[in-house]
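One structure is given below, encoded as structure tokens.
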Amino acid sequence: MALEKIKNSVYVFKAPTNIGVIASDTGEAIVIDTGIDESVARKLLREVEKEGFRIKAIVNTHSHADHIGGNPFITARTGAVVCASPLETPFIETPLFEPVMLTGGASPWKEMRNKFLLAKPSTVGEKLQAGPVNLCGLHLEIVALPGHSVDQIGVLYDGVLFAGDAYISGSLLEKHGIPYNVDIQAYLASLEKLGSLSCEWYVPSHGEPSQDITSDIEYNRSKVLKLIEQIESRLSESWEAEGLVSQLCSHLGVTAANPGLFFLYRTAVVAFLSYLYEQGRAKTTIQDNRLLWHK
330 MALEKIKNSV YVFKAPTNIG VIASDTGEAI VIDTGIDESV ARKLLREVEK EGFRIKAIVN
390 THSHADHIGG NPFITARTGA VVCASPLETP FIETPLFEPV MLTGGASPWK EMRNKFLLAK
450 PSTVGEKLQA GPVNLCGLHL EIVALPGHSV DQIGVLYDGV LFAGDAYISG SLLEKHGIPY
510 NVDIQAYLAS LEKLGSLSCE WYVPSHGEPS QDITSDIEYN RSKVLKLIEQ IESRLSESWE
570 AEGLVSQLCS HLGVTAANPG LFFLYRTAVV AFLSYLYEQG RAKTTIQDNR LLWHK
């Protein structure tokens, strides 16, 4: 893990979940996400301080654990204010909501309370709307990029866009098989928005910084459209969502190896079914006390 300059005072801390660092002329810095846990955050802080910067603000692109897990350590050590979009804020302040959502509102059991699904809580001091914002004397542009999560944002500064999980690398798409998104319509619209932006650099949370993401956007879009087609084609028969998860995982050669991954896949599949329903391309029926999806 290391801090790499992208341009001028804009850096990326390369980690399993990339972290952005933007420094002002006075040495005050904004970090974009904080990684999955204290270990990552500790390394981040060490690298930032090595450059002579002082972290004054955290902008969370969204509330997933691998993006907010380092918040408590950074805020405790630096006094930085946490900033996030309005609908992601409750999940950052009460991270238990994430596994509760995945389990359908039930209290999550031990296997659903790991660091990949349940971060430590942190208080959001400023809620960010899409548009221009001034933090630490830096003029940022907050870009709405919902879809992967309900209210995800990107951060644009000096021609560099930190895009969160609005798109991911092709290798990760293939590894996971079924990409996690909660709103397919919003996700496709966010990909369209990314394609319309004229940025010098694009930094995904999972993947390499790039000056041209045309192929990445198309790959992400085509993957989602293909999954829509694969799910819709199966709806000539009636399916429970769990049955479709099993079918798709087998077809794609991936495995829901633990309850957390199963529920992530299930949520992703239900998001596709919801999209098809809203498009008038799927219906639901209750039969024998089971919710079935079909054409």
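So that you can map any letter, position 32 of the sequence shown is 361 in the numbering used here, and since no number is skipped, the others follow by simple counting.
All C-beta atoms in this analysis are idealised placements derived from N, C-alpha and C, irrespective of residue type, glycine included.
By the Cβ rule, the segment 469-478 counts as touching the segment 503-517, because three or more pairs are nearer than 8 Å. Given a length threshold of 3 residues, each whole run of the beta strand (DSSP E) inside the segment 342-375 is given here in chain order: 348-352 and 357-361. Annotation: residue 383 to residue 358 spans about 6 Å, alpha carbon to alpha carbon.
In this structure, residue 469 and residue 484 form a Cβ contact; the two beta carbons are roughly 6 Å apart against a cut-off of 8 Å. Within the segment 514-571, the beta strand (DSSP E) runs of at least 3 residues that lie entirely inside it are, in chain order, 530-532. Apart from sequence neighbours up to five positions away, the residues of its chain that approach residue 420 with a beta-carbon distance below 7 Å are 392, 426 and 427, ordered along the chain.
For residue 595, the number of other beta carbons within 10 angstroms of its own is at least 16, and it is reported as buried. If you look at residue 491, you'll find it in the beta strand (DSSP E) that goes 489-491. Between residue 488 and residue 438, the gap from beta carbon to beta carbon reaches 8 Å or more. Beyond the five residues adjoining it in sequence on each side, residue 334 comes within less than 8 Å, by CB distance, of 340 in the same chain, given in chain order. About 7 Å separates the beta carbons of residue 604 and residue 557, which is inside the 8 Å limit, making them a contact pair. Looking at the DSSP output, residue 613 shares a beta bridge with 622.
In the DSSP assignment, residue 504 falls within the unbroken alpha helix (DSSP H) covering 499-505.
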